[in-house]
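A.B. asks: I'd like to ask you about the structure that follows.
Numbering (the UniProt record's numbering), first residue to last: 1 to 176.
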């Protein structure tokens, strides 16, 4: 289904979102999804004039794969996964996954995409960012699960500076 073309401010907003798409992370995200899902995923072929991430988002759009990944992280975390191709069922699956991320994994709302980001493929880059955060939390809970991106920090890492270091930084204008 083709969407109407955006103009003016809408086109500028879309261009900004597209420019931020992390193409360099997409391959790692695909491998992580397939490993967690336990099967190959039909990603599809890229077409000309396609927005970045559309082929990545398409198989995830129903939310089924995401819910199954959640169940692999925590057994039966999402007991009822809707298998229908109806829009509201697919969006409900995505919402269940996002709820799992927030409630079970403790991810901050700021690290989560919104349902429309995936379902309508508005901001697929944010979907990849969320999957990276899910990977970190899942790996921190179960170190046998694969990691996609940087490892979760192990707690506070306080820094201590000498008076000389603080004075030198202040002189350079690093501290205000």
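Note that CB positions come from ideal geometry on N, CA and C, so glycine has one too.
By a C-beta neighbour count over all protein chains shown, 10 Å radius and 16 as the cutoff for buried, is residue 110 buried or exposed?
C.D. replies: On the chain shown, residue 110 is found 110 positions in, with the first residue counted as 1. It is exposed - the Cβ of residue 110 has fewer than 16 other Cβ atoms within 10 Å.
A.B. asks: If you count every other CB in all the chains shown that lies within 10 Å of the CB of residue 143, and 16 or more means buried, which is it?
C.D. replies: Position 143 of the chain shown, counting from 1, holds the residue named residue 143. Exposed, since its Cβ has fewer than 16 Cβ neighbours within 10 Å.
A.B. asks: Apart from the five residues just before and just after residue 157, which ones in its own chain have a Cβ nearer than 6 Å to its Cβ?
C.D. replies: By one-based count along the chain shown, residue 157 stands at place 157. No residues qualify anywhere along the chain.
A.B. asks: For a test of the three-state rule: what should DSSP assign to residue 107, helix, strand or coil?
C.D. replies: As a working note, residue 107 is residue 107 in the chain shown. Looking at residue 107 - three-state DSSP - the assignment turns out to be coil, as it is neither helix nor strand.
A.B. asks: For the alpha helix (DSSP H) that contains residue 28, what are its first and last residues?
C.D. replies: Here residue 28 corresponds to residue number 28 of the chain shown, with the count starting at 1. First-last of the alpha helix (DSSP H) with residue 28: 23–37.
A.B. asks: Is the segment 47–56 close to the segment 76–93, with three or more CB pairs under 8 Å?
C.D. replies: Not touching, per the Cβ criterion.
A.B. asks: Taking Cβ positions, are residue 119 and residue 94 nearer each other than 9 Å?
C.D. replies: Here residue 119 is taken as the residue at index 119 of the chain shown, counted from 1. Here residue 94 is taken as the residue at index 94 of the chain shown, counted from 1. In contact: residue 119 and residue 94 (Cβ atoms closer than 9 Å).
A.B. asks: Excluding the five sequence neighbours on either side, which residues of its own chain have a C-beta within less than 6 Å of the C-beta of residue 25, listed in chain order?
C.D. replies: As a working mapping, residue 25 is identified with position 25 in the chain shown. Only 128 meet the Cβ criterion.
A.B. asks: By a C-beta neighbour count over all protein chains shown, 10 Å radius and 16 as the cutoff for buried, is residue 1 buried or exposed?
C.D. replies: For the purposes of this step, residue 1 is taken as residue 1 along the chain shown, with counting starting at 1. At residue 1 the pLDDT is 48, less than 50, meaning the model places this residue with poor confidence; the figure from the coordinates comes in the next sentence. It is exposed - the Cβ of residue 1 has fewer than 16 other Cβ atoms within 10 Å.
A.B. asks: Tell me which residues share the same chain as residue 106 and place their Cβ nearer than 8 Å to its Cβ, disregarding the 5 neighbours each side in the sequence.
C.D. replies: Indexing the chain shown from 1 puts residue 106 at position 106. Cβ within range, chain order: 137.
A.B. asks: What did DSSP end up calling residue 49 once you bin it into helix, strand or coil?
C.D. replies: Counted from its first residue, the chain shown places residue 49 at position 49. Residue state, collapsed to three classes: coil.
A.B. asks: Do residue 54 and residue 124 have their C-beta atoms closer together than 9 Å?
C.D. replies: Position 54 of the chain shown holds residue 54. Position 124 of the chain shown holds residue 124. Going by C-beta atoms, residue 54 is nearer than 9 Å to residue 124.
A.B. asks: Quick check: residue 72 and residue 145, are their CB atoms within less than 9 Å of each other?
C.D. replies: Residue mapping note: residue 72 aligns to position 72 of the chain shown, counting from 1. Residue mapping note: residue 145 aligns to position 145 of the chain shown, counting from 1. Cβ atoms of residue 72 and residue 145: closer than 9 Å.
A.B. asks: State the start and end residues of the unbroken alpha helix (DSSP H) segment that holds residue 148.
C.D. replies: Walking along the chain shown from the start, residue 148 turns up at place 148. Per DSSP, residue 148 belongs to no alpha helix (DSSP H) and is neither H nor E.
A.B. asks: Quick one: what does DSSP say residue 64 is sitting in, helix, strand or coil?
C.D. replies: Taking the first residue of the chain shown as position 1, residue 64 is located at position 64. Three-state result, residue 64: helix.
A.B. asks: For the alpha helix (DSSP H) that contains residue 56, what are its first and last residues?
C.D. replies: Counting from 1 along the chain shown, the entry for residue 56 is found at position 56. Start and end: 54–57.
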